[in-house]
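Reading through the structure tokens given below for one structure.
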Amino acid sequence: MNSAVLESPESVIAKAWADEDFKAALLADPKAALKAQGIEVPDGVTLNVHENTDRVIHLVLPKLPELALVGEALDGPGDVGACGCHGCGGCSCGGGCSCGGGGVCICW
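Written as structure tokens, this is what we have:
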């Protein structure tokens with residue numbers, strides 16, 4: 224099963240931009256359109272496809288990653304506590320910062 228579209232949708236987006244029929248199918252029935260391209264969406268997963276326009280913009284909020292994974296990506300395994308939020312003024316680990324309250328800091 225090829226579920227790469229769920230992690231990296233760039234090739235599907237490029238095909239939709241280049242092929243109006245595929246785009247229409249993708250908007251109407253995403254799972255069927257992807258299946259026709261050899262891409263299976265796992266059972267139990269709902270896939271919604273929306274198109275931004277000049278008058279409609281969709282903002283997608285990604286699932287909050289597990290804090291252990293955020294720390295691991297930034298500092299390597301075992302350094303989860305290395306990042307500290309400073310009132311959304313930045314992270315002690317260097318990158319940008321989004322604070323979720325309660326001392327939760329998502330850094331990038």
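In our numbering, the protein residues as written are 224 to 331.
We put the beta carbon where it would ideally sit given N, CA and C, even for glycine.
L249 is classed as buried because its beta carbon has at least 16 other beta carbons within 10 Å across all chains shown.
Counting C-beta atoms within 10 angstroms of its own C-beta, A259 has fewer than 16 neighbours from the protein chains shown and is therefore classed as exposed. For the pair H281 and N271, the Cα-to-Cα distance works out to about 11 Å.
Nearest to K246 by alpha-carbon distance, out of L284, P288 and H273, is H273.
E233: member of the alpha helix (DSSP H) spanning E233 to A241, first to last residue.
In the DSSP assignment, K254 falls within the alpha helix (DSSP H) that extends over P253 to A259. Setting aside the 5 residues that flank it on each side, P253 is surrounded in the same chain by L270 and V272, each with a C-beta closer than 6 Å to its C-beta; the list follows chain order.
Sequence-distant partners of V283 (beyond 5 residues in either direction) whose C-beta falls short of 6 Å from its own C-beta are missing from its chain. With a threshold of 16 other beta carbon atoms within 10 Å, A256 meets it and is buried.
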